[in-house]
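Asks: Residue numbers (this note's numbering): 276 to 994.
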């Protein structure tokens, strides 16, 4: 009789499987190569009709994997069978190639053999290496199935339709088709004493008891067959037959050696069930399921030993999937060409960042960084560099604000502009920079806004239209600061930073300042402004342990910001700095922002003490790490000196008479709004009078007058 040729499984992997594996590798597994439980599924064998010839063409016997394969709670869809599997992903292609694949395969086969497996009669193994930069996935699947000697054969007549041969009538087949558990991979069928068909899922407790007192001619074992080939049953039948042999008398007996008796060769009536739908009443295409008598020509060698405790040695197992050329070799899924380029870019941007969490910074909260919305006031040299570094950190929301246009001197120093942007009077800087950011990375939400920021020392003419426009500009700036989490002050002039400093303090936003000299730079973060934080500078409060607010850009000033743009020579009007300075300052500003938002206190993060800031003492030595985030210390100010190749970490407390962040200025702004701002723009002495800076000179003179100058005895003769 013909030896049965079983149709092997072929893996059918949906791209969502690789996408989920990518996320799992980056976010969860990282450097781990531990095995991961997954599931796959197969369905009833299917055919399609060739439109030209009218013939039915068999589809492959596929085991499908998708993104849901990693979800343990996922349930199989109707008319499909869930199969448990194991995925092992390697960290390098060398590990993938040199891995002991035979040992991994045999371990799974051992597990399958010892599991008493009617419910889990099939398992699979997937070995992978994911090249996450090129989106290439190397994989090799195995579907262990046991091989018995001699081989299984099919009885006379081969496989026949269940609807022919007289074994089953139409009503019998409909009963089988409507069984209670249609997704059970294996099930038993019998004809009872009344001639009716009965079914039950094949579980350990059901076989062979379900067939007690049932004549052999009325006993059937069925399986959902993924194959649609007319004479080749699917791969699950191999393990089903193995189970039946091992649990059928006399093969279940270990009382004697196989040599003591000559058991009858096993034989089973097998139903290869392939019908998802019941054919129409008139027969239609008829039933696709098959029936055959499967048997061994001789009793199998179960490999029993003759020791005190006899043991059944596992049969050999086969099941490695061949590649597309029919060779025993891994396969390759190259998704780089089929994925949406925008999605590729989006994943690639995050890849290097997430790799930080594999070894170096597992606690780094990248999601918090990427959710941060940044407002850049100034789209010049600093603004361009800051925007690029923000994108490097995965920031998705960047808004740039500027009032100028791209000039011919800009492109070489400002990396978001090109020569063409300077033509015809130049493009608006903010819009042009935002457009270029989107071209660099389509996943960024970049917006450019042309707007002029009103400034102290630059009076607003008493013209209703101009005043209304200024009021609208202020309202727009207030709304932008409210909508964003972080504000970068990157403008050319000192006075242009005053209004956003005040608004940022009033709204308690994280404000970062970057300013350039010729070979020096300043990067600082403004302190938070909450009622619990003092702006006093008294030493008694410091001694009492009261927390003091960090200062802003204007806290060291003893005069109000004034017009610094008028009456300036060309070298004073242009930003004259060493070309490399802006990128250093910009990168420092962004890194300071990220360090701040990684700190548990965020904007309220304390600055490091002088001893730690200067490197004279470490945080471990001091026992105080409150000023550190996962990225290290969170300084208040960084002052860089390129000529000396050094940086200074400085802490400056808030000043109670500051024109930018003191309580009196903030309260006045909150109560009077634009009216207060208009006075600050138009009246040069208003802010000094409001804060009390105008009284500093008088108070200093008075303090000097109150000092008792005592001349040391004999001191006059020394000169």
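Where is the CB? At the ideal position from N, CA and C, for every residue including glycine. Please read these numbers as outputs of a predicted model, since none were measured by experiment.
Name, in chain order, the residues that DSSP records as bridge partners for residue 722.
Replies: Answer by DSSP bridge pairing, in chain order: 674.
Asks: Apart from the five residues just before and just after residue 495, which ones in its own chain have a Cβ nearer than 6 Å to its Cβ?
Replies: Contacts found: 464, 544 and 546.
Asks: At the level of alpha carbons, what is the spacing between residue 912 and residue 344?
Replies: The straight-line gap from Cα to Cα measures roughly 50 Å.
Asks: Are three or more beta carbon pairs between the region 782-790 and the region 752-770 nearer than 8 Å?
Replies: In short, these stretches touch, since the Cβ pair count reaches three.
Asks: If distances are taken between C-alpha atoms only, which option among 293, 961 and 307 comes closest to residue 632?
Replies: It is 307.
Asks: Just tell me which of 890, 452, 622 and 474 has its CA closest to the CA of residue 564.
Replies: Per the Cα distances, 452.
Asks: With a threshold of 8 Å, are at least 3 pairs of Cβ atoms found where one atom belongs to the region 407-420 and the other to the region 608-624?
Replies: Touching, yes.
Asks: Where residue 371 and residue 364 are concerned, what is the direct C-alpha to C-alpha distance, given to the nearest angstrom?
Replies: Cα to Cα, the separation comes out at about 8 Å.
Asks: Check residue 459 in the structure and name its three-state DSSP category.
Replies: DSSP places residue 459 in coil when its eight states are reduced to three.
Asks: Nearest to residue 432 by CA position, among 460, 569, 871 and 860, is which residue?
Replies: Per the Cα distances, 569.
Asks: If you draw a straight line from the alpha carbon of residue 302 to that of residue 629, how long is it in whole angstroms?
Replies: Answer to the nearest angstrom: the Cα atoms are 7 Å apart.
Asks: DSSP has residue 384 in a bridge; who is on the other side?
Replies: DSSP, once it has assigned bridges, lists no residue as partnering residue 384.
Asks: Below 8 Å between beta carbons: does that hold for residue 835 and residue 973?
Replies: No; because the gap between Cβ atoms is not below 8 Å, this pair is not in contact.
Asks: Which same chain residues, not among the five before or five after residue 818, have their C-beta less than 7 Å away from its C-beta?
Replies: Note that residue 818 scores a pLDDT of 40, beneath 50, so its modelled location is shaky; the value from the coordinates is reported in the next line. Excluding sequence neighbours, residue 818 sits near nothing in its chain.
Asks: Per DSSP, what kind of secondary structure is residue 283 in: helix, strand or coil?
Replies: Residue 283 falls in the coil class under three-state DSSP.
Asks: According to DSSP, is residue 875 part of a helix, a strand, or is it coil?
Replies: If DSSP states are grouped into helix, strand and coil, residue 875 belongs with coil.
Asks: So what's residue 919 in DSSP terms, helix, strand or just coil?
Replies: In this structure, residue 919 counts as coil in the three-state DSSP scheme.
Asks: When DSSP labels each residue in this structure, what does residue 622 get in the three-state scheme?
Replies: If DSSP states are grouped into helix, strand and coil, residue 622 belongs with the helices.
Asks: Round the Cβ separation of residue 763 and residue 652 to the nearest angstrom and send it over; I've been treating them as touching at under 8 Å.
Replies: Sure, about 6 Å apart at Cβ, within 8 Å.
Asks: Quick check on residue 1002: buried or exposed, where buried means 16 or more other Cβ atoms within 10 Å of its Cβ?
Replies: This structure does not reach residue 1002, given that the chain is present from 276 up to 994, and the question cannot be answered.
Asks: Have a look at residue 761 and residue 649 and give me their C-alpha separation to the nearest angstrom.
Replies: Straight-line Cα distance between these residues: approximately 5 Å.
Asks: Evaluate contact between the region 377-391 and the region 328-338, counting only Cβ atoms and requiring at least three cross-stretch pairs below 8 Å.
Replies: The region 377-391 is not in contact with the region 328-338.
Asks: Determine the direct distance from the alpha carbon of residue 639 to that of residue 401, and round the result to whole angstroms.
Replies: One C-alpha to the other measures close to 31 Å.
Asks: For residue 514, which of 952, 354, 418 and 377 has the nearest alpha-carbon?
Replies: Taking only the C-alpha atoms, the option nearest residue 514 is 418.
Asks: Quick one: grab the DSSP three-state call for residue 1044.
Replies: Residue 1044 lies beyond the stretch modelled for the chain, which goes from 276 to 994, so this question has no answer here.
Asks: Residues bridged to residue 312 by DSSP?
Replies: In the DSSP output, where bridge partners are listed per residue, residue 312 has 361.
Asks: At the level of alpha carbons, what is the spacing between residue 918 and residue 795?
Replies: Looking at the two C-alpha atoms, the distance is approximately 8 Å.
Asks: Measuring alpha carbon to alpha carbon, tell me which of 327, 366 and 490 ends up nearest residue 468.
Replies: Measuring from the Cα of residue 468, the nearest candidate turns out to be 490.
Asks: With DSSP run on the structure shown, which of helix, strand or coil describes residue 478?
Replies: In this structure, residue 478 counts as coil in the three-state DSSP scheme.
Asks: Enumerate in chain order the residues of its own chain whose CB-to-CB distance from residue 583 is below 6 Å, with the five nearest sequence positions on each side excluded.
Replies: Interpretation of residue 583 is limited by its pLDDT of 42, a score under 50 that renders its predicted location unreliable; no figure is taken from the coordinates.
Asks: What is the DSSP secondary structure of residue 327, reduced to helix, strand or coil?
Replies: Residue 327: coil per DSSP, three-state reduction.
Asks: Quick one: give me the first and last residue of the alpha helix (DSSP H) that residue 995 is part of.
Replies: Residue coverage of the chain in this structure runs from 276 to 994, which leaves residue 995 outside it and unanswerable.
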